[in-house]
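Visitor:
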Amino acid sequence: MVSKTLGMKTRTAARKTTRILSTVRYVNLSAKGRVVNLSATGMALDLNGPFPAAAGSSVQIECEQFGILEGTIKWCHSGRLGIEFKPNSNAAAQVSSYFRFFHQESRPVLRR
Numbered sequence: 015m016v017s018k019t020l021g022m023k024t025r026t027a028a029r030k031t032t033r034i035l036s037t038v039r040y041v042n043l044s045a046k047g048r049v050v051n052l053s054a055t056g057m058a059l060d061l062n063g064p065f066p067a068a069a070g071s072s073v074q075i076e077c078e079q080f081g082i083l084e085g086t087i088k089w090c091h092s093g094r095l096g097i098e099f100k101p102n103s104n105a106a107a108q109v110s111s112y113f114r115f116f117h118q119e120s121r122p123v124l125r126r
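Numbering-wise, this note's numbering puts 121 at position 107 of the sequence shown, and it's gapless, one number per residue.
As structure tokens, then:
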């Protein structure tokens, strides 16, 4: 049986499926994409194009719904990034506020 996690450590926090348009920034580079799932500890981003940052890189994710979040890339695979929020950031409060006031359950249109 093939592991769906590719041998990577996965988030234990509950995830919610989303479709939030966002921009990810790394040094002076940026890429557009959308947040496809979100939890209190991290997110998965589906990008519109290539992104040259590697696992372990610090990035900023910006979107209208929760402003700017800071995190670390945990994995990159097929145009998708896994981001873990920095524990010293206010990400948990921003994500909690998003779920309380804005989130509407969405179902994926396409699966990979």
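Cβ atoms here follow ideal geometry from the backbone N, Cα and C, with glycine treated the same way.
1. In chain order, which beta strand (DSSP E) runs of at least 3 residues are fully inside the segment 33-110?
2. Measuring CB to CB, does PHE65 end up less than 8 Å from GLY85?
3. Going by C-alpha to C-alpha distance, which of SER72, ASP60, ASN104, SER92 sits closest to GLY81?
4. ARG25 by DSSP, collapsed to three states: which one?
5. Could you tell me if VAL38 is buried or exposed, where buried requires 16 or more neighbouring beta carbons within 10 angstroms of its beta carbon?
6. Tell me whether SER36 is buried or exposed, calling it buried when 16 or more other Cβ atoms sit within 10 Å of its Cβ.
7. Buried or exposed: MET57, going by 16 or more other Cβ atoms within 10 Å of its Cβ?
8. Can you tell me whether LEU95 is buried or exposed? The criterion is at least 16 other CB atoms within 10 Å of its CB, across all chains shown.
9. Decide if ALA69 is buried, meaning its Cβ has at least 16 other Cβ atoms within 10 Å, or exposed.
Guide: With the structure as the only source:
1. 43-52, 56-61, 72-77, 81-91, 94-99
2. In the sequence shown, residue 65 corresponds to position 51, counting from 1. In the sequence shown, residue 85 corresponds to position 71, counting from 1. No, they are not a contact pair.
3. Along the sequence shown, one-based indexing puts residue 81 at 67. Measuring from the Cα of GLY81, the nearest candidate turns out to be ASN104.
4. As a position in the sequence shown, residue 25 is number 11, starting the count at 1. Caution applies to ARG25, whose pLDDT of 49 falls short of 50 and renders its modelled position unreliable; the model cannot decide the point.
5. Against the sequence shown, residue 38 aligns to sequence position 24. It is buried - the Cβ of VAL38 has at least 16 other Cβ atoms within 10 Å.
6. Taking the sequence shown and counting its residues from 1, one reaches residue 36 at position 22. SER36 should be labelled buried.
7. As a first step, residue 57 is located in the sequence shown; it is residue number 43 there, counting from the start. MET57 is buried by the Cβ-count criterion.
8. Counting from 1 along the sequence shown, the entry for residue 95 is found at position 81. When all chains shown are included, LEU95 counts as buried.
9. On the sequence shown, position 55 is the one that residue 69 refers to. Exposed, since its Cβ has fewer than 16 Cβ neighbours within 10 Å.
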